[in-house]
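Reviewing the structure listed below.
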Amino acid sequence: MKRLAEITSFCLLFVLPGKAMEVRTWTDAQDRKVEAVLMKADEVSVVLKLKNGKEVSFPLEKLSIADRKYVEENSAFLADTKEVIADDKARETPEPEKIRELSTSMHHGQNG
């Protein structure tokens, strides 16, 4: 089951996104350009990761019409990807009582 989750995460992060994970040229309303990857988006802004690794927030209203359309087309994918990653992490994180049980059984196994 864990293997299936890993494969699903891989596909969502690297195979399916295509456009959503690519470095692209973003243009603002004043025709200024920057190379970046779309990291997050909501109703009012986007977070872009620049080539130097820095993440910057940018108001949607300042983007070109084409870039706003790109965000609209790709923001649902970003949200879905985050949900899958969170679900996978939740499945991989052991519950505290299971950790205690494992620790206790390991401790008793060493003494017995």
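Its first residue numbered 23, the sequence shown is counted upward by one per residue in the numbering used here. All C-beta atoms in this analysis are idealised placements derived from N, C-alpha and C, irrespective of residue type, glycine included.
In whole angstroms, what separates the C-alpha of residue i from that of residue j?
i	j	result
Ser97	Phe80	14 angstroms
Val74	Asp89	It should be noted that the sequence gives Asn, not Val, for residue 74. The alpha-carbon atoms of Asn74 and Asp89 are separated by roughly 21 angstroms.
Ser6	Thr47	This structure gives no information on residue 6, because the portion of the chain shown stretches from 23 to 134.
Glu65	Leu82	8 angstroms
Thr49	Ser86	6 angstroms
Val56	Leu72	8 angstroms
Lys62	Glu77	10 angstroms
Give the DSSP-derived three-state secondary structure of residue i in the structure shown.
i	result
Ile107	Unreliable positioning characterises Ile107 in this predicted model, as indicated by a pLDDT of 46, which lies under 50. The coordinate reading is nonetheless provided below. Helix.
Glu65	coil
Ser79	strand
Who does residue i pair with in a DSSP beta bridge?
i	result
Ala58	Arg46 and Leu72
Just confirm the distance between the C-beta atoms of residue i and residue j, as a whole number of angstroms; I'd bet it's less than 8 angstroms.
i	j	result
Lys84	Ala58	No, Lys84 and Ala58 are not in contact; Cβ-Cβ is about 14 angstroms, not under 8 angstroms.
Val93	Leu70	Contact flag wrong, Cβ pair sits at about 10 angstroms.
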